[in-house]
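A.B. asks: Would you mind keeping the following structure in view while I ask a few things?
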Amino acid sequence: MIKRLTLILLLAGIGSIFAGLMLDYTADEALNRTARYYADHTAEDLGAANLVTAIIVTYRGLDTLGEVTVLFLTAAIVGLVLAKGKRKHRKRLKRTLPPPGELLLTGTRLLLPLILLFGAYVFTHGHLTPGGGFQGGAIIASAILMLLLSNPLKRFSHRLISVVESTSGVAFVVIGAFGIVLAGGFLDNRIMPIGTFGELFSAGAIPLIYTFVGLKVGAEFSSMLVSLSETEQL
Amino acid sequence: MALIAMTTGFILILIGLFGALSHRNILRMIVAFTVANTGVNLVLVSVGYMRGRTAPILNDAVPAAEAASRIIDPVPQALVLTAIVIGVGVTALMLAYAYRLYQSKLSLDISRHTELKW
Chain A
1 MIKRLTLILL LAGIGSIFAG LMLDYTADEA LNRTARYYAD HTAEDLGAAN
51 LVTAIIVTYR GLDTLGEVTV LFLTAAIVGL VLAKGKRKHR KRLKRTLPPP
101 GELLLTGTRL LLPLILLFGA YVFTHGHLTP GGGFQGGAII ASAILMLLLS
151 NPLKRFSHRL ISVVESTSGV AFVVIGAFGI VLAGGFLDNR IMPIGTFGEL
201 FSAGAIPLIY TFVGLKVGAE FSSMLVSLSE TEQL
Chain B
1001 MALIAMTTGF ILILIGLFGA LSHRNILRMI VAFTVANTGV NLVLVSVGYM
1051 RGRTAPILND AVPAAEAASR IIDPVPQALV LTAIVIGVGV TALMLAYAYR
1101 LYQSKLSLDI SRHTELKW
């Protein structure tokens, strides 16, 4: 009882802080200086139509590199934490899993290539449409999730996943380093010609970088899913 | 519109905190944390919203010359995009730890895991 009361008091306190924040909040009428700079200079300097992509890949590219590193660490830790218990519980599955059913099986076979294609589309068009490497990578991982749903005992090659993951990570950093030599700085996208605004092959290295980010994120999410699915037992 | 989104976000944060603090089952706590995470993202996005403006993507409808007066703030959106991805990673991490905790005590009840309690 006393616990519940403290909890409610605590939440009421936090809620009143939030309410104070909300009451004082007035929406901006114009963009602030940073956003205004991005709005004015992105199309001209970087050639990217999607400003969010331009910020993530080029203006704040270093942060994205850090974020991809955080994701890599989480995927690695998930693998590590779950792999430790595996050897002890290496027993074969005792119960037989129910068959996945015609709909799921056929649906998976039909949709899998389409989902993969859509993921690739999303990360290659990141500089033009609301999409990008992270979204595309998540879509690709959802294809892996579908495979695992239709057959929970399916085993994927950890080696392949880690090769894709590390190759694209290294490629991301190497492209970034090219920016120091050929253009203005680390992860500058102008190492390649900016091209015509609004076309697929434009915005310099952004589509290339986002492709690698997409592959890396897809591989990381897939490795998390695969690690989690390998805990299936009983 | 921004106010509705912001209120919803704050309420989601409170619901998530309440769930995380009041439940004893680790899986329910993880779900509550993801709810709170969604609330934080919603609040961040709503801060960047401006009335009568459109998404920060330049095309024929939003030419680059008048972008500064037509688009909403792209910075919170970029921030939230990364926050969502990190949120998925953190959720996966929490689930992995929950699995290991279950293996060690064969229970998902947090009050059974007393090693760090004082």
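Residue numbers (the numbering used here), protein chains in the order written: chain A, 1 to 234; chain B, 1001 to 1118.
Don't be surprised by glycine CBs; every beta carbon is placed ideally from N, CA and C.
Closer than 9 Å, Cβ to any Cβ of chain B: which residues of the segment 42-63 of chain A, in chain order?
C.D. replies: Taking a C-beta cut-off of 9 Å against chain B, the contacting residues of the segment 42-63 of chain A are 42, 43, 44, 48, 49, 50, 51, 52, 53, 54, 55, 56, 59, 60 and 63, listed in chain order.
A.B. asks: Counting only Cβ pairs nearer than 8 Å, list the residues of chain A close to residue 964 of chain B.
C.D. replies: The requested residue 964 of chain B is not part of the displayed model; chain B covers only 1001 to 1118.
A.B. asks: Counting only beta-carbon atoms, is residue 81 of chain A nearer than 8 Å to chain B?
C.D. replies: Your numbering for residue 81 of chain A matches position 81 in the first sequence. For residue 81 of chain A, the answer is yes, since a Cβ of chain B falls inside 8 Å of its Cβ.
A.B. asks: Would you mind telling me which residues of chain A sit closer than 7 Å to residue 1095 of chain B, beta carbon to beta carbon, in chain order?
C.D. replies: The sequence position of residue 1095 of chain B within the second sequence is 95, counting from 1. Taking a Cβ-Cβ cut-off of 7 Å, the neighbours of residue 1095 of chain B in chain A comprise 228, given in sequence order.
A.B. asks: Are residue 211 of chain A and residue 124 of chain A close, meaning C-beta to C-beta below 8 Å?
C.D. replies: Mapped onto the first sequence, residue 211 of chain A falls at position 211. Mapped onto the first sequence, residue 124 of chain A falls at position 124. Yes, they are a contact pair.
A.B. asks: Under 8 Å Cβ-Cβ, which residues of chain A neighbour residue 1089 of chain B?
C.D. replies: Position 89 of the second sequence, counted from the first residue, corresponds to residue 1089 of chain B. Chain A residues near residue 1089 of chain B: 70, 71, 74, 75, 220 and 224.
A.B. asks: Using CA atoms only, rank isn't needed, just tell me which of A:5, A:49, A:137 and A:223 is closest to residue 128 of chain A.
C.D. replies: Along the first sequence, one-based indexing puts residue 128 of chain A at 128. The option with the nearest alpha carbon to residue 128 of chain A is A:49.
A.B. asks: Is the separation between the beta-carbon of residue 101 of chain A and that of residue 119 of chain A shorter than 8 Å?
C.D. replies: Along the first sequence, read from residue 1 onward, the residue named residue 101 of chain A stands at position 101. Along the first sequence, read from residue 1 onward, the residue named residue 119 of chain A stands at position 119. Against a cut-off of 8 Å, the Cβ pair of residue 119 of chain A and residue 101 of chain A comes out as no contact.
A.B. asks: How close, in whole Å, do the beta carbons of residue 78 of chain A and residue 227 of chain A come, if the pair is a contact with beta carbons under 8 Å?
C.D. replies: What you label residue 78 of chain A is simply residue 78 of the first sequence in a count that begins at 1. What you label residue 227 of chain A is simply residue 227 of the first sequence in a count that begins at 1. The pair is a contact, with the Cβ atoms about 5 Å apart (cut-off 8 Å).
A.B. asks: Between which two residues does the alpha helix (DSSP H) holding residue 10 of chain A run?
C.D. replies: Along the first sequence, read from residue 1 onward, the residue named residue 10 of chain A stands at position 10. Where residue 10 of chain A is concerned, the enclosing alpha helix (DSSP H) stretches over 2-24.
A.B. asks: Taking 8 Å as the CB-CB limit, is residue 1100 of chain B close to chain A?
C.D. replies: Here residue 1100 of chain B corresponds to residue number 100 of the second sequence, with the count starting at 1. Under the 8 Å criterion on CB atoms, residue 1100 of chain B is classed as interfacial with respect to chain A.
A.B. asks: For a cutoff of 8 Å on Cβ pairs, would you count residue 1010 of chain B as touching chain A?
C.D. replies: Translated into the one-based positions of the second sequence, residue 1010 of chain B becomes position 10. Taking Cβ atoms only, chain A reaches closer than 8 Å to residue 1010 of chain B, which makes this a yes.
A.B. asks: Do residue 1074 of chain B and residue 1119 of chain B come within 8 Å of each other at the CB atom, strictly closer than that value?
C.D. replies: In the structure as shown, chain B begins at 1001 and stops at 1118. Residue 1119 of chain B is therefore absent and cannot be evaluated.
A.B. asks: Drop a sphere of 10 angstroms on the beta-carbon of residue 161 of chain A, count the other beta-carbons inside from all chains shown, and report buried for 16 or more, exposed for fewer.
C.D. replies: For the purposes of this step, residue 161 of chain A is taken as the residue at position 161 of the first sequence. Per the 10 Å Cβ criterion, buried.
A.B. asks: Unbroken alpha helix (DSSP H) runs of length 4 or more, entirely within the segment 1063-1100 of chain B: which are they?
C.D. replies: 1067-1070
A.B. asks: Per the DSSP calculation, residue 1025 of chain B is bridged to which residue(s)?
C.D. replies: Reading the second sequence from its first residue, position 25 is the one you call residue 1025 of chain B. Residue 1025 of chain B is bridged to B:1109.
A.B. asks: To which residues of the same chain is residue 190 of chain A closer than 6 Å at the C-beta, ignoring the five residues directly before and after it?
C.D. replies: As a first step, residue 190 of chain A must be located in the first sequence, where it is residue number 190. 183 and 204.
A.B. asks: List the residues of chain A that residue 1018 of chain B touches, going by C-beta distances under 8 Å, in chain order.
C.D. replies: Against the second sequence, residue 1018 of chain B aligns to sequence position 18. Here the neighbours are 7 and 11.
A.B. asks: I need the straight-line Cα distance from residue 208 of chain A to residue 188 of chain A, nearest angstrom please.
C.D. replies: The residue given as residue 208 of chain A occupies position 208 in the first sequence. The residue given as residue 188 of chain A occupies position 188 in the first sequence. Going by the C-alpha atoms only, they are around 12 Å apart.
A.B. asks: In the DSSP assignment, find the alpha helix (DSSP H) that holds residue 165 of chain A and state where it starts and stops.
C.D. replies: Taking the first residue of the first sequence as 1, we reach residue 165 of chain A at position 165. Note, residue 165 of chain A: alpha helix (DSSP H), 158-182.
A.B. asks: The alpha helix (DSSP H) with residue 40 of chain A in it runs from where to where?
C.D. replies: The residue labelled residue 40 of chain A in the question sits at position 40 within the first sequence. Its alpha helix (DSSP H) spans residues 33-41.
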